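S.K.:
Residue numbers (the working numbering): 139 to 206.
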């Protein structure tokens with residue numbers, strides 16, 4: 139399993155567990171919606187700012203012509 143998909147799974151399970159626990163403790167639905175909206179925004183900002191390795195461009199390759 140790739141690291142990114144593993145991280146997504148961990149985040150999903152943590153949010154699901156926290157939601158179940160907070161519902162069992164009697165937190166109102168509107169408060170849960172606000173909390174999870176904020177958490178999803180933070181998670182999106184965190185995963186969106188990671189540095190991805192750059193792929194080499196086709197123009198970086200040396201051009202050589204075959205002999206005529």
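Where is the CB? At the ideal position from N, CA and C, for every residue including glycine. Since we're looking at a predicted model, the values are computed, not measured.
Mind reading off the beta-carbon distance from residue 180 to residue 153? Whole number of angstroms is fine, and I expect it under 8 Å.
M.R.: Start at 1 with the first residue of the chain shown, and residue 180 comes out as number 42. Start at 1 with the first residue of the chain shown, and residue 153 comes out as number 15. With 8 Å as the limit, residue 180 and residue 153 do not qualify as a contact, their Cβ atoms being about 11 Å apart.
S.K.: I need the straight-line Cα distance from residue 168 to residue 175, nearest angstrom please.
M.R.: Counting from 1 along the chain shown, the entry for residue 168 is found at position 30. Counting from 1 along the chain shown, the entry for residue 175 is found at position 37. C-alpha separation (whole angstroms): 11 Å.
S.K.: So residue 170 packs on residue 157, CB below 8 Å; how close in whole Å?
M.R.: Here residue 170 refers to the residue found at position 32 when the chain shown is read from its first residue. Here residue 157 refers to the residue found at position 19 when the chain shown is read from its first residue. About 6 Å separates the two Cβ atoms, so the contact holds.
S.K.: Taking residue 151 as part of the alpha helix (DSSP H), name the residues at either end of that continuous run.
M.R.: Residue mapping note: residue 151 aligns to position 13 of the chain shown, counting from 1. Taken as a continuous stretch (DSSP letters only), the alpha helix (DSSP H) holding residue 151 covers 141–162.
S.K.: Secondary structure at residue 169, three-state DSSP: helix, strand or coil?
M.R.: Working through the chain shown from its first residue, we reach residue 169 at position 31. Reduced to three states, the DSSP call for residue 169 is helix.
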